[in-house]
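Chemist:
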Amino acid sequence: MHYVGIDVSKNKLDICLLYDGVKGKRKTKSLLNNEHSACMLIAWLAKYIPALQQVNIVMEATGVYHERLAYSLHQAGGRIAIANPLRVRDFAKGMGILTKTDKVDAYILALLQCLKTTRCLATSSYRNSRIEGSPMPSGCVIRRYPA
Numbered sequence: 001m002h003y004v005g006i007d008v009s010k011n012k013l014d015i016c017l018l019y020d021g022v023k024g025k026r027k028t029k030s031l032l033n034n035e036h037s038a039c040m041l042i043a044w045l046a047k048y049i050p051a052l053q054q055v056n057i058v059m060e061a062t063g064v065y066h067e068r069l070a071y072s073l074h075q076a077g078g079r080i081a082i083a084n085p086l087r088v089r090d091f092a093k094g095m096g097i098l099t100k101t102d103k104v105d106a107y108i109l110a111l112l113q114c115l116k117t118t119r120c121l122a123t124s125s126y127r128n129s130r131i132e133g134s135p136m137p138s139g140c141v142i143r144r145y146p147a
């Protein structure tokens with residue numbers, strides 16, 4: 001299994017791909033956070049992984065900035081988890097990682113998914129509820145789970 005951590009901000013996505021768990025290789029990438037981000041991310045992942053379903057993707061809940069990406073990746077068949085930022089930070093401190101940069105945060109998210117396995121979004125509730133003011137089509141929701 002492969003793990004992707006995505007640090008989401010208003011303008012940028014920092015991505016860390018962990019091959020085969022903690023001891024495997026690591027690849028990083030930065031993308032602009034816009035309507036094309038999901039397509040660019042999927043194309044980049046396709047260079048290393050044959051199917052999106054073989055990847056566990058985790059990102060922090062960052063206001064509304066993560067929602068479009070999470071929805072798009074979910075629609076493409078990705079296994080998406082949304083983590084609580086405070087719990088992610090506590091996890092990093094527990095691992096002895098005190099550095100706080102976007103690339104390090106993406107790595108920590110991937111590591112969290114690898115070691116702790118945060119729960120993925122539930123497909124039915126993702127389609128049946130609505131987030132007010134969301135840039136996504138009505139009828140979609142992102143469930144936030146603790147790390």
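Here the sequence shown is numbered in full-length UniProt numbering, starting from 1 and rising by one per residue.
From the three backbone atoms N, C-alpha and C, an ideal C-beta is built for every residue, glycine too.
Only a predicted model underlies this, so the values are computations on that prediction, with no experimental measurement involved.
Which class does Y145 belong to by DSSP, given the choice of helix, strand or coil?
Modeler: One-based indexing of the sequence shown puts residue 145 at position 145. Caution applies to Y145, whose pLDDT of 43 falls short of 50 and renders its modelled position unreliable; the value that the coordinates give is listed next. Correct three-state label for Y145: coil.
Chemist: For E60, count neighbouring Cβ atoms within 10 angstroms of its own Cβ and tell me buried if that reaches 16, exposed if not.
Modeler: On the sequence shown, position 60 is the one that residue 60 refers to. It counts as buried.
Chemist: Following the continuous beta strand (DSSP E) through A83, name the residue where it begins and the one where it ends.
Modeler: By 1-based counting over the sequence shown, the position of residue 83 is 83. That run of the beta strand (DSSP E) goes 79 to 83.
Chemist: Check S9 in the structure and name its three-state DSSP category.
Modeler: Taking the first residue of the sequence shown as 1, we reach residue 9 at position 9. DSSP places S9 in coil when its eight states are reduced to three.
Chemist: Helix, strand or coil for Y19 per DSSP?
Modeler: Counted from its first residue, the sequence shown places residue 19 at position 19. Reduced to three states, the DSSP call for Y19 is coil.
Chemist: Short of 8 Å in beta carbon distance, which residues of its chain neighbour I80, apart from the five on each side in sequence? Order them along the chain.
Modeler: To locate residue 80, count along the sequence shown from 1; it is residue 80. Answer for I80: I57, V58, M59, A70, L73, H74, C120, L121, listed in chain order.
Chemist: Rounded to a whole number of angstroms, what is the C-alpha to C-alpha distance between G94 and V88?
Modeler: One-based indexing of the sequence shown puts residue 94 at position 94. One-based indexing of the sequence shown puts residue 88 at position 88. Straight-line Cα distance between these residues: approximately 10 Å.
Chemist: List the endpoints of the continuous alpha helix (DSSP H) containing I108.
Modeler: Position 108 of the sequence shown holds residue 108. 102 to 116 is the span of the alpha helix (DSSP H), which, as asked, contains I108.
Chemist: Out of G24, K10, K23, state which residue places its alpha-carbon closest to the alpha-carbon of V64.
Modeler: Here residue 64 is taken as the residue at index 64 of the sequence shown, counted from 1. The candidate whose alpha carbon is nearest that of V64 is K10.
Chemist: Expressed to the nearest angstrom, what Euclidean distance is found between the alpha-carbon atoms of D102 and D14?
Modeler: Translated into the one-based positions of the sequence shown, residue 102 becomes position 102. Translated into the one-based positions of the sequence shown, residue 14 becomes position 14. Distance between D102 and D14, taken at the CA atoms: about 6 Å.
Chemist: Flag this pair as yes or no: are the beta carbons of Y48 and L98 separated by less than 8 Å?
Modeler: Position 48 of the sequence shown, counted from the first residue, corresponds to residue 48. Position 98 of the sequence shown, counted from the first residue, corresponds to residue 98. If you check the CB distance, Y48 and L98 do not come in under 8 Å.
Chemist: Give me, in chain order, the residues of the same chain whose beta-carbon lies closer than 6 Å to that of T123; leave out the 5 immediate sequence neighbours on both sides.
Modeler: Mapped onto the sequence shown, residue 123 falls at position 123. Annotation note: pLDDT 44 at T123 (below 50); position unreliable, no value reported.
Chemist: Could you name the residues of the same chain whose beta carbon sits closer than 6 Å to that of D105, not counting the 5 residues immediately before and after it, in chain order?
Modeler: Here residue 105 refers to the residue found at position 105 of the sequence shown. Only D7 meet the Cβ criterion.
Chemist: To test your reading of the DSSP string, which unbroken beta strand (DSSP E) runs of 3 or more residues are found completely within the region 47 to 100?
Modeler: Unbroken beta strand (DSSP E) runs of no fewer than 3 residues, entirely contained in the region 47 to 100, are found at 55 to 60, 79 to 83, following chain order.
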